[in-house]
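If you're matching positions, the sequence shown starts at 1 in our numbering and goes up one per residue. No residue lacks a Cβ here, since even glycine has one placed at the ideal position from N, Cα and C. Right, one structure below, let's go through it.
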Amino acid sequence: MPKLMSLLQVAAKPPLPSETPASHVNLEETAKKERQRIEQLLKDKGMKSGSYPRFTVAIKGQKVTIKFQIPPSCEVAQLIANLVSNLGLKVEERGGGSDMLLRAWDSSVAWQLTLNPLEKQKETGVNEGHSVDRNGDGGNLCILIFHSLISSDKAEIEFLKQGSLNPNELDALVSVLQLAGGKLGQSKSRVGKPREGSSQMPSAEKSIASLEAMGVRIYGLDAPHQNSSYSEISWDNIAGYDQQKREIEDTILLALNSPEVYDDIARGTRCKFESNRPRAVLFEGPPGTGKTSCARVIANQAGVPLLYVPLEVVMSKYYGESERLMGQVFSLANQLPDGAIVFLDEVDAFAIARDGEIHEATRRVLSVLLRQIDGFEQDKKVVVIAATNRKQDLDPALISRFDAMIGFGLPDEQNRQEIAAQYAKHLTESELIELARVTDEMSGRDIRDACQQAERSWASKLIRGQATKNEEQKSLPPLEEYIKSAMNRRKALLSVAEQRNHNSNLRTKKPHLDYGVLID
């Protein structure tokens, strides 16, 4: 193996960052541009989001810092070899190779390495092939690798520089992201088919296997390019709801993608540091308004898996089992290296107000959920998204735990037109306006289902010879077919609503039982 370094120095304390001011540089703008440069180069190299470790770009003193966690399957020595090969000073002696300055710190709680480039000039009296570090840190690039020995956190690699990375440094950064991403992909491919019972199976794989065995549906586990159906999930697939999309980005996505910005603000504003990032968000609205779809978009864009927890996963007829299952979901989610989004659909089924009529098992499950959101039993790697169409029935204590509540109402006429355009793009604008008018008070899912029914009905007519192609030899359903399907859908929805109201009235008219209390 080529020589990785020519000089090793062991010191008692890590080097201090440069004190040289950089007032002429807009650091925030520089950091923003650096992220754009990195993302563009990754895109140019065919790397899609999720196929490489999630990285952060932030400001540290007068420097820009780019940091990401090293997957457990990636050897730190391999990353060092890659970095030195790309950034080191080339030498011809001793079999060739590249030189960089490496410093190491080791203690009982952590170890740390820093890599610094060497100057090309050679000092008088220094042997050929050796280079001298003349600038120290200065404005040069410094690469720091840190690993804690007292926590379960993965090793981190951090690039620090005063100013922008030059093209060679940018290539080196993207190269190690690709290298770590390859190992990340290998790890994820192994997660898909874990060998249950194997003592060698990593804890993350065991967690995934346990969650799937419980019935939890996991989205976004594989890299997007390995799962095309998941990679296609984006805001473009959800028509309308621009206000809700903006709220989700402001409340959840930005906090997941740039946590250091939120933490810096909290450190500067609070006497005692406490994270201001969201722990729990409530999606409230009628069925079919896009709550679950938005949760999947969040997981896709944040680069973390979405754990969809159906009601039947946590509800059990056995005493104490329901709350144990709820706690186990969160415990396993926290064992995932990058955390997860836990999506609780129909949360009102086990989090209704704790009045006298609540079932004892439901009361215990709610208590577990409250403790998890409070963070007493989890390290805030997990974000909870709960969905309900009966917010008024939720326990007040649970409602108070939500950092944000985002409403998903029925789409207005403009949104209905946009939804219809997704499923009937061949209709003219005036026809889409008419279709939006007749689908008043229908959800996005209802409009989609009505359009699908129109397609099926029109296909059957073509097959039976009951419909003919138009002048352009196209066999696409006309507006009338969509309106007919929408009206049929509306009748079905009204029938269901009337039956539900009837059943509700019967329940409210039941006489209260007298338990024989005597009054003297």
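Proximity of residue i and residue j at Cβ, strictly below 8 Å
| i | j | result |
| --- | --- | --- |
| L160 | K48 | no |
| K154 | P286 | no |
| N116 | N82 | no |
| V365 | V216 | no |
| V176 | I157 | yes |
| L493 | H426 | no |
| A349 | V342 | no |
| F408 | Q243 | no |
| L89 | L118 | yes |
| I447 | T439 | yes |
| L311 | A295 | no |
| A110 | S73 | no |
| A450 | W458 | no |
| V304 | A340 | yes |
| L87 | L170 | no |
| L253 | I298 | yes |
| A302 | L344 | no |
| Y52 | Q178 | yes |
| K391 | E284 | yes |
8 Å contact criterion, which residue i and residue j should meet: CB distance rounded
| i | j | result |
| --- | --- | --- |
| F55 | I66 | 6 Å |
| A239 | E418 | 4 Å |
| L282 | M100 | Not confirmed; about 50 Å, so no contact. |
| N300 | G181 | About 16 Å separates the two Cβ atoms, so there is no contact after all. |
| L410 | A424 | With 8 Å as the limit, L410 and A424 do not qualify as a contact, their Cβ atoms being about 19 Å apart. |
| V383 | P478 | Going by Cβ atoms, the distance from V383 to P478 rounds to 45 Å, so no, they are not a contact pair. |
| A209 | D403 | With 8 Å as the limit, A209 and D403 do not qualify as a contact, their Cβ atoms being about 31 Å apart. |
| I59 | A31 | 6 Å |
Burial state of residue i, where buried means 16 or more other Cβ atoms lie within 10 Å
| i | result |
| --- | --- |
| F273 | exposed |
| K291 | buried |
| G97 | buried |
| S199 | Here S199 scores only 43 on pLDDT, less than 50, and its place in the model should not be relied on; the value that follows carries that caveat. S199 is exposed by the Cβ-count criterion. |
| A387 | buried |
| A77 | exposed |
| E75 | exposed |
| M326 | buried |
| S485 | buried |
| V57 | buried |
| R401 | buried |
| A223 | Note that A223 scores a pLDDT of 42, beneath 50, so its modelled location is shaky; the value from the coordinates is reported in the next line. Per the 10 Å Cβ criterion, buried. |
| R464 | exposed |
| R489 | buried |
| S495 | exposed |
| G288 | buried |
| Q162 | buried |
| D106 | exposed |
| D395 | buried |
Straight-line Cα distance separating residue j from residue i
| i | j | result |
| --- | --- | --- |
| A204 | G50 | 17 Å |
| R371 | F330 | 11 Å |
| T412 | Q335 | Before going on, a small fix: residue 412 reads as Asp here, not Thr. Rounded to the nearest angstrom, the two C-alpha atoms are 42 Å apart. |
| Q36 | E29 | 11 Å |
| T114 | L173 | 15 Å |
| I373 | I265 | 22 Å |
| E481 | T428 | 14 Å |
| R416 | G444 | 7 Å |
| V313 | M214 | 6 Å |
| Q414 | N26 | 41 Å |
| S85 | P167 | 15 Å |
| I430 | R437 | Per the sequence presented here, residue 430 reads as Ser, with Ile not at that position. Roughly 11 Å between the two C-alpha positions. |
| D250 | V91 | 50 Å |
| D44 | S207 | 34 Å |
| C271 | P259 | 19 Å |
| E455 | K461 | 10 Å |
| N237 | E321 | 38 Å |
| E323 | I38 | 44 Å |
| P21 | E34 | Note that P21 has pLDDT 46, beneath the 50 cutoff, so the model's placement of it is unreliable and no number is given. |
| T362 | Q452 | 38 Å |
| I385 | L102 | 44 Å |
| N389 | Y241 | 17 Å |
| M487 | T269 | 56 Å |
| Q422 | K491 | 23 Å |
| S234 | L398 | 30 Å |
| G136 | I143 | A caution first: G136 carries a pLDDT of 42, below 50, which makes its placement in the model unreliable, though a value can still be read off. One C-alpha to the other measures close to 13 Å. |
Cβ-heavy atom distance, residue i to the ligand MG, below 7 Å
| i | result |
| --- | --- |
| Q112 | Judged by which ligands are present, the structure shown has none, so any question about the ligand MG falls away. |
Closer than 8 Å to chain C by CB, residue i
| i | result |
| --- | --- |
| V261 | Looking at the structure shown, chain C is missing, and only one protein chain is on hand. |
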